[in-house]
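Using numbering that gives the first Met the number 0, the letters of the sequence shown correspond one by one to residues 0 to 249.
Below is one structure, written out as structure tokens; comments come after it.
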Amino acid sequence: MRKPLMAGNWKMNKTIPDAVSFIKELKNTVADVKDVEILVCPTFTALYAVNNELKNSSAKLGAQNIFWEEKGAFTGEISPSMLKDAGCSYVIIGHSERRQYFGETDETVNKKTKAAIAAGLIPIVCVGETLKEREENITFKIIEKQVKEGIANLSVQEAENIVIAYEPVWAIGTGKTATPEQAQEVHEFIRKIYRQMYATAADKVRILYGGSVNPCNVSDLMKKNDIDGGLVGGASLKIEDFAKLINFAK
Ligand code: PEP
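Below is the structure:
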């Protein structure tokens, strides 16, 4: 049984005071939630303060990026152990915005994924096709490459403990959500590829959907067999919306 995970990707939003006051409210609002894992991924600068505020809460902390080296002359980068130090248990890797604006590739995604695991962090590896790729009918080919290269060379045990996020690029921040059927089709495909790579880990790995998830569409998405949660941008910034997503089954 895969425990649903609702993860908020705050992107480059919220000051430290804004982030801390959000967490104060979140703790009160979702104090009784047991059957859904809750994750917030603030900016680097807010991680430490948010972690302090999350003490005595079951919600977890994640970062939005990582570098694969442990230390040294890499100006502006943050290492895996620094994220652990700040209280993170998860890290988002290969988000389409990082692929699009910061030149991340399946190769760098793989290096980051392995470095995160080595440091005891759970990577959330993002994959997804652009609108052009969907229209050219190459969605499966693109996803297969991203999964096979970005999540290569893990042990079965490592492979079952990571999280994959399917985020069609055309649905991120656009208000256009994949239909539950479109999302399920790709999630099922990802699990099939993953089974070829890592056998039984495919039954345990959680696959999140991301792309304009909101309180109105979340429950239909979550009814699908291979959708194990959401990676949520815009709707994770407002406490009422994020709380509704976490309580998707109510
Ligand atoms: C995201 O940031 O990963 C995302 C899916 O954003 P949004 O929910 O705003 O589309």
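We put the CB at the ideal spot given by N, CA and C, even for glycine.
The structure displayed is predicted, hence computed values, not measured ones.
Where residue i falls, given that 16 or more other Cβ within 10 Å makes a residue buried
i	result
residue 235	buried
residue 93	buried
residue 138	buried
residue 172	exposed
residue 198	exposed
residue 216	buried
residue 166	buried
residue 229	buried
residue 61	buried
Chain-order list of residues whose beta-carbon lies under 7 Å from that of residue i (same chain, five-residue window excluded)
i	result
residue 24	238
residue 119	83
residue 142	126, 128, 185, 188, 189
For residue j and residue i, the rounded distance between their alpha carbons
i	j	result
residue 108	residue 12	23 Å
residue 227	residue 247	12 Å
residue 80	residue 99	26 Å
residue 103	residue 90	15 Å
residue 48	residue 88	15 Å
residue 53	residue 135	44 Å
residue 218	residue 63	25 Å
residue 184	residue 76	36 Å
residue 66	residue 73	9 Å
residue 8	residue 17	15 Å
residue 29	residue 242	7 Å
residue 194	residue 51	38 Å
residue 112	residue 95	15 Å
residue 240	residue 221	16 Å
residue 232	residue 71	32 Å
residue 154	residue 200	9 Å
residue 152	residue 69	20 Å
residue 15	residue 123	23 Å
Other residues of its chain near residue i: CB distance less than 6 Å, five sequence neighbours each side excluded
i	result
residue 2	36
residue 203	159
residue 164	123, 125, 207, 209, 230
Close beta carbons around residue i, own chain, < 8 Å, minus the five adjacent residues each side
i	result
residue 117	79
Closer than 8 Å: residue i CB and nearest ligand 2 heavy atom
i	result
residue 186	With respect to ligand 2, the structure shown offers nothing to examine, as its ligands consist of ligand 1.
Cβ-Cβ separation, residue j to residue i (assumed contact under 8 Å), whole Å
i	j	result
residue 210	residue 177	6 Å
residue 244	residue 4	The Cβ separation is near 11 Å, so there is no contact.
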